[in-house]
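Step one of this worksheet: look at the structure below.
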Amino acid sequence: MSESPTEGTATDASTERAAEETPGDDEERSEIVLEVENLRKEFGALVAADDATFDVERGTITGLIGPNGAGKSTIFNLISGFYEPDAGTVRLNGDDVTGIEPYKIANKGLIRTFQTPRKLEGMTVREAMLIGPQRQPGESFHKLFTAPGAVGERERANMADVERILEEFEIDHLARQPATDISGGQMKLVELARAMLAEPEILLLDEPVAGVNPTLANKLADQIRRLHEQGTTFLLIEHDMSFIMSLADPIVVLDQGSVLMEGTPGEVRTDERVADAYLGGGGV
Ligand code: ADP
Ligand code: MG
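Here numbering that gives the first Met the number 0 is used: the first residue of the sequence shown is 0, the next is one more, and so on.
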């Protein structure tokens, strides 16, 4: 499948922009949730991330775009602890989280989805939701003895959360279906719903509408807007230009592992360097 940007799945061209919103009452927290500083990652002779530096401000839907192979997914892997950088720093709410394990970063409130969702074989959608990337005290063997009540209560709370989120995402009718039997688009919705169960402060989505039909893409966009209005900060990779332009502000443009520019959708759309990068990268 082509990874070039498409205009196929337009969402309503919302003029609302996250940057115009006033910050919440979370006054003592920094305005910057995520700081990526001089990140570098080499694969042999290839430099996939090359001195990449950008911030994600609290309350924004920040876009991360760039031609195929620009290093977007690599940056996600570096931020979320799946790859260790060769150089550079990742800070989450001011804490240095560079190179720490993914589950620790998840526990600090940063959750990511994958460009290619993992196969959830042998379980229903509801079961898949229950093994979402959550903060689960039940996973600690020790706590089963020291706080068994808390574990049982937590499990009941998890079940209730799953039912609530299935309804909110309008996928409760899929709850009993095998997770491998639903469409790719529905799978993307399930992925987003699972990620939300962890109640992330910042959610990183890698191409949430790749291969998703326009109706489901619109539904995903609506869900992202709803969650954003409820206070979740997003860092969003997407190849579909109309999708990202209607949702994200600011947009960070990555090219050959480095940040080429950052700006509003309008600025990005009219920037010649961006057009050149996409032409050079082999697809507009
Ligand atoms: P994007 O998500 O922007 O399309 P990627 O981050 O997936 O780009 O890839 C950036 C470059 O790094 C590509 O040339 C890709 O082939 C390479 N790359 C990514 N992951 C690996 C890996 N695990 N091993 C070797 N090369 C990789
Ligand atoms: Mg990618």
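Just so it is clear, CB atoms sit at the ideal spot from N, CA and C, and this is done for glycine as well.
Predicted model, so just to flag it, every value in this text is computed and none were measured.
- Lys218 counts as buried, since no fewer than 16 other beta carbons sit within 10 angstroms of its beta carbon.
- Counted as a single uninterrupted DSSP element, the alpha helix (DSSP H) harbouring Leu226 occupies residues Pro213 to Glu228.
- Annotation for Gly80 indicates a beta carbon at 7 Å or more from all heavy atoms of the ligand ADP.
- DSSP places Arg193 within a helical segment (H, G or I) once states are collapsed to three.
- Taken through DSSP and simplified to helix, strand or coil, Asp275 comes out as helix.
- Between Ile223 and Phe233 a beta carbon distance of about 6 Å is seen, short of the 8 Å cut, so the two are scored as contacting.
- Counting only residues of its own chain and dropping the five nearest sequence neighbours on each side, Gly65 has a CB closer than 8 Å to the CB of Lys71, Val252, Leu253, Asp254, Leu259, Ala276 and Gly280.
- Listed as beta-bridge partners of Pro249 by DSSP are no residues whatsoever.
- In the DSSP assignment, Glu126 falls within the alpha helix (DSSP H) that extends over Val124 to Leu129.
- Linking His238 to Gly108 through their CA atoms gives a straight-line distance of about 25 Å.
- The shortest CA-to-CA distance from Thr112 to any of Glu162, Ile201 and Val89 is the one to Ile201.
- The Cβ-Cβ distance between Ile236 and Met195 does not fall below 8 Å.
- Asp275 has its CB no nearer than 7 Å to any heavy atom of the ligand MG.
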